[in-house]
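Novice: My structure is below; once you've seen it, I'll send some questions.
Residue numbers (the working numbering): 55 to 316.
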């Protein structure tokens with residue numbers, strides 16, 4: 055993690071004339087894969103992971119293919135829409151994938167949702183602010199799912215929040231998504247990399263999502279010092295949850311959780 059902070063500082067000091075391509079709204083979303091289920095099961099498993107652009111290649115692929123087949127909903131941050139990551143995702147049988155591009159650096163990067171059933175609707179939200187110097191936004195991808203034996207739909211938000219900005223900019227991004235989720239009457243999952251690396255950010259995050267009735271789940275084996283990744287839920291019963299700190303193919307440990315619709 056400290057290496058990434060050092061790299062970011064180097065970019066801020068030396069990248070005065072650098073710019074990434076930001077896609078037009080019509081080019082943000084990409085869907086691939088084939089899924090056949092009409093509903094998510096009432097008991098379902100969630101997998102959340104910032105994959106650091108799959109830089110670990112084969113090690114990352116091995117870990118990804120270990121967790122995804124055990125999951126019903128997959129939320130990935132720092133995903134890449136490149137031949138390597140796409141090919142690994144497509145090897146996961148019966149999964150649909152939705153990718154929301156934040157910016158393009160040779161290949162698109164952003165957030166990616168996977169599921170055993172196609173989303174009824176998807177929405178993307180660019181951060182109101184931008185990361186400094188490189189001027190890239192961060193992205194949130196929201197998907198609505200039908201759930202077996204329920205008249206209510208499940209809303210799932212996958213966020214990669216702004217990092218090297220003032221706390222108010224990080225907060226504004228989360229607030230914008232929360233304002234959208236406020237309209238939903240059913241169960242909600244809001245998860246991902248919130249970049250909540252100080253007390254002010256974490257307190258603001260919990261206050262904003264608490265106003266929607268969302269609660270942060272506690273993770274078994276959570277030995278993190280700096281807690282950036284979280285899962286907040288409403289209207290779901292938590293059976294189990296875990297931080298997999300033994301996984302080293304990214305600088306973020308993946309999170310798994312098992313739920314039942316209330």
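Every residue, glycine too, gets a C-beta built ideally from N, C-alpha and C.
Measure the alpha-carbon distance for residue 237 versus residue 194 and round it to whole angstroms.
Specialist: 17 Å
Novice: CB-CB under 6 Å to residue 212, same chain, minus the five flanking residues each way: which ones, in chain order?
Specialist: 129, 165, 167, 195 and 246
Novice: With DSSP as the reference, label residue 162 as helix, strand or coil.
Specialist: Correct three-state label for residue 162: strand.
Novice: Starting from the Cα of residue 185, find the closest Cα among 306, 220, 102 and 198 and give me that residue.
Specialist: 220
Novice: Taking DSSP's pairing of strands, which residues face residue 294 in a bridge?
Specialist: 312
Novice: DSSP has residue 131 in a bridge; who is on the other side?
Specialist: 104
Novice: Counting only the same chain and skipping the five closest in sequence on each side, list residues whose C-beta sits under 8 Å from that of residue 70.
Specialist: Note that residue 70 scores a pLDDT of 44, beneath 50, so its modelled location is shaky; the value from the coordinates is reported in the next line. Counting only Cβ-Cβ distances below 8 Å, and skipping sequence neighbours, we find 187.
Novice: Alpha carbons only, please: which of 96, 147 and 248 is nearest the one belonging to residue 214?
Specialist: 248
Novice: Taking 8 Å as the cut-off, decide whether the C-beta atoms of residue 145 and residue 109 are in contact.
Specialist: no
Novice: Tell me which residues share the same chain as residue 203 and place their Cβ nearer than 6 Å to its Cβ, disregarding the 5 neighbours each side in the sequence.
Specialist: So the qualifying residues of the chain are 96.
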